[in-house]
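Chemist: Have a look at the structure that comes next, please.
Chains as they are written, first to last, in the numbering used here: chain A, 55 to 334; chain B, 2 to 296.
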């Protein structure tokens, strides 16, 4: 195991892509650092970037932040909301999408409503969901759910409707029952689209949860004491109100990292679920 | 117990050689009134039990329509199709169609694809598993049982698909240009694999092709069809001994006589569709002219 890991690490480290990635990030950081110090270095303030704190200051801020439990509580709170909303979107969205793809009648009844609700941005739901749901926490989770839900359903419907008719004919002619066709044809044939929907959906979920936390004032912020209870979105908003620009950027970067980890994890799971797509 | 005995142990009610299909005065018209298009006209023939009947005709004639009617996906406009005397009214497990392009399930390994039918019917028994193993061996895919279709070559995919159909022991097997699109070498190999499988199991088979050499190599009887609307132009019995080998056929005088007879009939039909502007038919006429010049 350790040996396999070491071999993999070596192959990653010696790959061109790895070094290109390192160079691209390094160049990006250098431009940013120089740009935000442009006033001091060149006597001219570069537009936009000179207003942003330099990466070195952000890094220092991050080092301080990761030692504070309140930062981790914020991150954990947002992660939980993302997880709840995403899970609910999967649990409700996948069966709904499959049902809509399989049954013409069900599709005819549900699709018009679905299509009217789908273009409404999740954030437009925030005021309504604060009114509808008893707790702040539930309303944030609901908006998060909406972010992933529509993407997942649309992908499931698309995937299931695109299944080659010959698979059904072949299965039927070999004696498959309707349930057998659903289990052994429709489900695996739709799986790649489900994975795509989930990977895209989780990214939207992060975007939505942060904005929802900002707008709604961070949910359980009051009960847990100030910035700590509000999630990363509220943390950023609080930093803005408090005028700490390094904290704003540090918060933004932590969301970027969290989003990347979520998508990467889902891609891994997806690869494991659909081995026939990658093995050749 | 060899493969054949296993196959017979798992026999469906159709008897060891499969069923007999009788097609009587079948016509198929699409559309109605001024837009009516007659695709098949007054076709009558039988698919004899345990025999391999090959249908050959110019591209774009109603061969696929006939297949869909035999499979039960479509009903004839007039005339009847019966299976062992009972009228065919819809798709059934007694008739199994192998399609032109591979319809293997991409998410299943070769072995799981072959076992699809038995599992669908709740027959994942030791006998069936042994039968699947035997078939895997016979089609030369022993080492590829765990591979997914995307990891197989085109020829391997067709072989796997033939095995997936054969394991179900259908009373009638219907093959719609199963080797179309393969390169010449692979095609020849496939014909040999298929011929071996057929000779071992001897099920009633309806095989559609546009390749005259393939037809003569495989057939007990060749049905030559006319251009659209498809009618039966001629029936040629191929009484060459089995098991056959590709080399024997190319050097056999009887086979060559059959070939010339079939070619001249097909040529006439191709000329007719050529006159109506069919690209495929034009290609056929060119190829025919070249062949005639050589011989």
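C-beta atoms are modelled at their ideal positions from N, C-alpha and C, and glycine is treated no differently.
None of these values were measured; they are calculated from a predicted model.
Which of helix, strand or coil does DSSP assign to residue 250 of chain B?
Modeler: By one-based count along the second chain, residue 250 of chain B stands at place 249. Helix.
Chemist: CB-CB under 7 Å to residue 317 of chain A, same chain, minus the five flanking residues each way: which ones, in chain order?
Modeler: In the first chain, residue 317 of chain A corresponds to position 263, counting from 1. Same-chain partners within the cutoff: 253, 256, 257.
Chemist: So, under 8 Å CB-CB, residue 183 of chain A and residue 196 of chain A are touching, yes? Tell me the CB distance rounded to an integer number of Å.
Modeler: Residue numbering aside, residue 183 of chain A sits at position 129 when the first chain is read from its first letter. Residue numbering aside, residue 196 of chain A sits at position 142 when the first chain is read from its first letter. At roughly 5 Å, the Cβ-Cβ gap stays under 8 Å, so residue 183 of chain A and residue 196 of chain A are in contact.
Chemist: Using a cut-off of 9 Å between C-beta atoms, extract the partners of residue 243 of chain A located in chain B.
Modeler: For the purposes of this step, residue 243 of chain A is identified with residue 189 of the first chain, where counting begins at 1. Near residue 243 of chain A (Cβ distances below 9 Å), the residues of chain B are 106, 107, 108.
Chemist: In chain order, what residues of the same chain lie with their CB nearer than 6 Å to the CB of residue 180 of chain B, ignoring the 5 residues before and after it?
Modeler: Reading the second chain from its first residue, position 179 is the one you call residue 180 of chain B. Excluding sequence neighbours, residue 180 of chain B sits near 188, 191.
Chemist: Using a Cβ distance threshold of 8 Å, determine whether the segment 96-106 of chain B contacts the segment 160-168 of chain B, with at least three qualifying pairs required.
Modeler: Touching, yes, given that three or more Cβ pairs across the two stretches are closer than 8 Å.
Chemist: Buried or exposed, going by whether 16 or more other CB atoms sit within 10 Å of the CB of residue 139 of chain A?
Modeler: Taking the first residue of the first chain as 1, we reach residue 139 of chain A at position 85. With 16 or more Cβ atoms within 10 Å of its Cβ, residue 139 of chain A is classed as buried.
Chemist: By the 9 Å beta-carbon criterion, what residues does the segment 207-231 of chain A contribute toward chain B?
Modeler: So the close ones are 218, 220, 221, 223, 224, 225, 226, 227, 228, 229, 230, 231.
Chemist: Identify the contact partners of residue 330 of chain A in chain B, using a Cβ-Cβ distance below 7 Å as the criterion.
Modeler: Counting from one through the first chain, the residue named residue 330 of chain A turns up at place 276. Those are 107, 108, 149, 151, listed as they occur along chain B.
Chemist: Indicate the three-state DSSP secondary structure (helix, strand or coil) for residue 72 of chain A in the structure shown.
Modeler: Here residue 72 of chain A corresponds to residue number 18 of the first chain, with the count starting at 1. Reduced to three states, the DSSP call for residue 72 of chain A is helix.
Chemist: Which whole-angstrom value describes the C-beta separation of residue 239 of chain B and residue 224 of chain B, a residue pair presumed to lie in contact below a C-beta threshold of 8 Å?
Modeler: Position 238 of the second chain, counted from the first residue, corresponds to residue 239 of chain B. Position 223 of the second chain, counted from the first residue, corresponds to residue 224 of chain B. Residue 239 of chain B to residue 224 of chain B, Cβ: 11 Å. No contact.
Chemist: For residue 107 of chain A, I'd like the list of residues in its chain whose CB is within less than 7 Å of its CB, leaving aside the five on either flank, ordered along the chain.
Modeler: One-based indexing of the first chain puts residue 107 of chain A at position 53. Excluding sequence neighbours, residue 107 of chain A sits near 90, 299, 300, 303.
Chemist: Report yes if the C-beta distance between residue 264 of chain A and residue 284 of chain A is below 8 Å; otherwise report no.
Modeler: Indexing the first chain from 1 puts residue 264 of chain A at position 210. Indexing the first chain from 1 puts residue 284 of chain A at position 230. The answer is no: Cβ separation not under 8 Å.
Chemist: Express the C-alpha separation of residue 67 of chain B and residue 25 of chain B in angstroms, rounding to a whole number.
Modeler: As a working note, residue 25 of chain B is residue 24 in the second chain. As a working note, residue 67 of chain B is residue 66 in the second chain. If I take the Cα positions, the gap works out to 12 Å.
Chemist: Just checking: is the beta-carbon of residue 281 of chain A within a distance shorter than 8 Å of some beta-carbon in chain B?
Modeler: The residue you call residue 281 of chain A lines up with position 227 of the first chain. For residue 281 of chain A, the predicted structure reports a pLDDT of 39, less than 50, and the residue's modelled location is therefore unreliable. A value from the coordinates is still provided. Residue 281 of chain A does not count as touching chain B.
Chemist: Quick check on DSSP: helix, strand or coil for residue 229 of chain A?
Modeler: Against the first chain, residue 229 of chain A aligns to sequence position 175. Coil.
Chemist: What are the start and end residues of the beta strand (DSSP E) that includes residue 235 of chain B?
Modeler: As a working note, residue 235 of chain B is residue 234 in the second chain. Element bounds for residue 235 of chain B: 233-238.
Chemist: How would you label residue 229 of chain A, buried or exposed, when you count the other beta carbons within 10 angstroms and need 16 or more for buried?
Modeler: For this step, residue 229 of chain A is matched to residue 175 along the first chain. Counting Cβ neighbours within 10 Å, residue 229 of chain A comes out buried, since at least 16 surround it.
Chemist: On the three-state DSSP scale, how would you describe residue 112 of chain B?
Modeler: Working through the second chain from its first residue, we reach residue 112 of chain B at position 111. Three-state DSSP puts residue 112 of chain B in a helix.
Chemist: Taking residue 48 of chain B and residue 247 of chain B to be in contact with their CB atoms under 8 Å, please state how far apart those CB atoms are, rounded to whole angstroms.
Modeler: By 1-based counting over the second chain, the position of residue 48 of chain B is 47. By 1-based counting over the second chain, the position of residue 247 of chain B is 246. Not a contact, Cβ separation roughly 24 Å.
Chemist: Let's test the definition: count the other Cβ atoms within 10 Å of the Cβ of residue 125 of chain A and tell me whether it reaches 16, buried, or not, exposed.
Modeler: Here residue 125 of chain A is taken as the residue at index 71 of the first chain, counted from 1. Buried, since its Cβ has 16 or more Cβ neighbours within 10 Å.
Chemist: By how many angstroms is the C-alpha of residue 268 of chain A removed from the C-alpha of residue 295 of chain A?
Modeler: Locating residue 295 of chain A in the first chain gives position 241, counting from the first residue. Locating residue 268 of chain A in the first chain gives position 214, counting from the first residue. Approximately 11 Å between the Cα atoms of the pair.
Chemist: What number of angstroms, rounded off, separates the C-alpha of residue 148 of chain B from the C-alpha of residue 125 of chain B?
Modeler: By 1-based counting over the second chain, the position of residue 148 of chain B is 147. By 1-based counting over the second chain, the position of residue 125 of chain B is 124. Their backbone Cα atoms lie some 20 Å apart in a straight line.
Chemist: Specify the secondary structure class of residue 74 of chain B as computed by DSSP and reduced to three states.
Modeler: The residue given as residue 74 of chain B occupies position 73 in the second chain. Coil.
Chemist: So, do the segment 132-139 of chain B and the segment 208-221 of chain B have three or more beta carbon pairs nearer to each other than 8 Å?
Modeler: No contact exists between the segment 132-139 of chain B and the segment 208-221 of chain B.
Chemist: Which term fits residue 309 of chain A, buried or exposed, when burial requires 16 or more other beta carbons within 10 angstroms of its beta carbon?
Modeler: Taking the first residue of the first chain as position 1, residue 309 of chain A is located at position 255. Buried, since its Cβ has 16 or more Cβ neighbours within 10 Å.
Chemist: Quick one: using the 10 Å Cβ neighbour count with 16 as the cut-off for buried, is residue 95 of chain B buried or exposed?
Modeler: Reading the second chain from its first residue, position 94 is the one you call residue 95 of chain B. It is buried - the Cβ of residue 95 of chain B has at least 16 other Cβ atoms within 10 Å.
Chemist: Does any CB atom of chain B fall closer than 8 Å to the CB of residue 234 of chain A?
Modeler: In the first chain, the residue the question calls residue 234 of chain A occupies position 180. Residue 234 of chain A counts as touching chain B.
Chemist: Please report how far the alpha carbon of residue 23 of chain B lies from the alpha carbon of residue 82 of chain B, in whole angstroms.
Modeler: Counted from its first residue, the second chain places residue 23 of chain B at position 22. Counted from its first residue, the second chain places residue 82 of chain B at position 81. If I take the Cα positions, the gap works out to 6 Å.
Chemist: Starting from residue 323 of chain A, find everything on chain B with Cβ-Cβ shorter than 7 Å and list it in chain order.
Modeler: By 1-based counting over the first chain, the position of residue 323 of chain A is 269. Within 7 Å Cβ-Cβ: nothing; residue 323 of chain A doesn't reach chain B, min ~16 Å.
Chemist: Does DSSP classify residue 124 of chain B as helix, strand or coil?
Modeler: Within the second chain, numbered from 1, the residue matching residue 124 of chain B stands at position 123. Residue state, collapsed to three classes: coil.
Chemist: Name the chain B residues that come within less than 8 Å of residue 239 of chain A, Cβ to Cβ?
Modeler: Along the first chain, read from residue 1 onward, the residue named residue 239 of chain A stands at position 185. Simply 106.
Chemist: Applying the criterion that 16 or more other CB atoms from any shown protein chain within 10 Å of the CB defines a buried residue, is residue 177 of chain B buried or exposed?
Modeler: Within the second chain, numbered from 1, the residue matching residue 177 of chain B stands at position 176. The residue in question, residue 177 of chain B, is buried, as its Cβ has 16 or more Cβ neighbours within 10 Å.
Chemist: Using 8 Å as the threshold, is the C-beta distance between residue 19 of chain B and residue 205 of chain B below it?
Modeler: The residue you call residue 19 of chain B lines up with position 18 of the second chain. The residue you call residue 205 of chain B lines up with position 204 of the second chain. Taking 8 Å as the Cβ cut-off, residue 19 of chain B and residue 205 of chain B qualify as a contacting pair.
Chemist: Quick one: does residue 133 of chain B have its CB under 8 Å from some CB of chain A?
Modeler: In the second chain, counting from the first residue as 1, residue 133 of chain B sits at position 132. For residue 133 of chain B, the answer is no, since every Cβ of chain A falls outside 8 Å of its Cβ.
Chemist: Could you run through the segment 117-141 of chain B and flag, in chain order, every residue whose CB is less than 7 Å away from some CB of chain A?
Modeler: Residues 117, 118, 121, 122.
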